[in-house]
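Residue numbers (the numbering used here): 28 to 321.
For each residue, glycine too, the CB sits at the ideal point set by N, CA and C.
Keep in mind that this is a model prediction, so the values were computed, not measured.
Note sheet for the following structure.
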């Protein structure tokens, strides 16, 4: 039986991979075999060496295939040769000597300052419970950089209006204090007054639904998407976009990177440094638009 078919049967009947994974592996292996045949009519896939795999990678990159897709194809080869080794068909895995193309980090997406200012100051929120709650949610995401899970679980006793800080329980159960500006203080007080008037005995969770029960993640997403859609054409609209915007705008206005790291609750600086790349990309755009020889 051909070795590729032997491997595919293993995936299908023993590993019970999904049809999507099975088809992807089948296509990747057949593509590599076809490439090998173009290089040499005598090509046998189980005898391939790392040189021809490197040639295939170069060919794929030349065709404009993304590093992520190339790496997925090589991952299929890795699994194939590991299977052949377990079967005693080959004694080495040629992919072990192949260096994979680097996958660039995706830069955080953020909304422009003028857009978020327009949303918060443009009269888009009603004066009822829902309007006051939604305004408080959007304001807190953008002006404190709080995570979705942190906002959802925020308790009334963890808001210190005197010190203008909120205490949250972040990742790995790590507590941190986040300062918030005077503007949020007024927005939160107005919302809490409305909340307590309607649902005074609803417990300590800050944000509630119209039925007086704690908000849930899908509802928060809907609130954010609804309001961001009013001011931005970004494809992606989510609470995390507001967190990205918070960090990016702080950096653009001269905030120290280590301070932003602490505000976001990152465990290491590497996670925060991605925002420097975002800022640099914006600077390059400005340069190209404004410089006479840009």
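Limits of the alpha helix (DSSP H) - the one that residue i falls within
| i | result |
| --- | --- |
| residue 99 | 94-113 |
| residue 192 | From DSSP, residue 192 is part of no alpha helix (DSSP H) but of the beta strand (DSSP E) over 192-196. |
| residue 29 | Careful: residue 29 lies outside any alpha helix (DSSP H) and carries neither H nor E. |
| residue 37 | Element bounds for residue 37: n/a, residue is neither H nor E. |
| residue 210 | 209-226 |
| residue 48 | 46-66 |
| residue 266 | 266-279 |
| residue 78 | 77-89 |
Burial state of residue i (16 or more Cβ within 10 Å)
| i | result |
| --- | --- |
| residue 45 | exposed |
| residue 209 | exposed |
| residue 321 | Confidence at residue 321 is low in this model, with a pLDDT of 46, below 50, so the placement of that residue is unreliable and no value is reported for it. |
| residue 240 | exposed |
Contacts around residue i, its chain only, beta-carbon distance under 6 angstroms, and the 5 residues preceding and following it disregarded
| i | result |
| --- | --- |
| residue 168 | 266 and 269 |
| residue 296 | 288 |
| residue 218 | 159, 160 and 163 |
| residue 99 | none |
| residue 76 | 121 |
| residue 140 | 276 |
Residue span of the beta strand (DSSP E) that contains residue i, given as start and end
| i | result |
| --- | --- |
| residue 202 | 202-206 |
Simplified DSSP assignment, three categories, for residue i
| i | result |
| --- | --- |
| residue 135 | coil |
| residue 321 | Any answer about residue 321 is weak, because its pLDDT of 46 lies below 50 and its placement is not dependable; what the coordinates show is given next. Coil. |
| residue 241 | strand |
| residue 20 | Absent from the model: residue 20. The displayed extent of the chain is 28 to 321, so no value can be given. |
| residue 71 | coil |
Proximity below 7 angstroms, CB of residue i to CB of residue j
| i | j | result |
| --- | --- | --- |
| residue 117 | residue 73 | yes |
| residue 156 | residue 225 | yes |
| residue 79 | residue 91 | no |
| residue 84 | residue 97 | yes |
| residue 182 | residue 144 | no |
| residue 271 | residue 135 | yes |
Any non-hydrogen atom of the ligand GTP closer than 6 angstroms to residue i Cβ
| i | result |
| --- | --- |
| residue 78 | In the structure on display, the ligand GTP does not appear, and there are no ligands present to speak of. |
Neighbourhood of residue i by C-beta distance below 8 angstroms, restricted to the same chain and skipping five residues each side
| i | result |
| --- | --- |
| residue 49 | 35, 38 and 39 |
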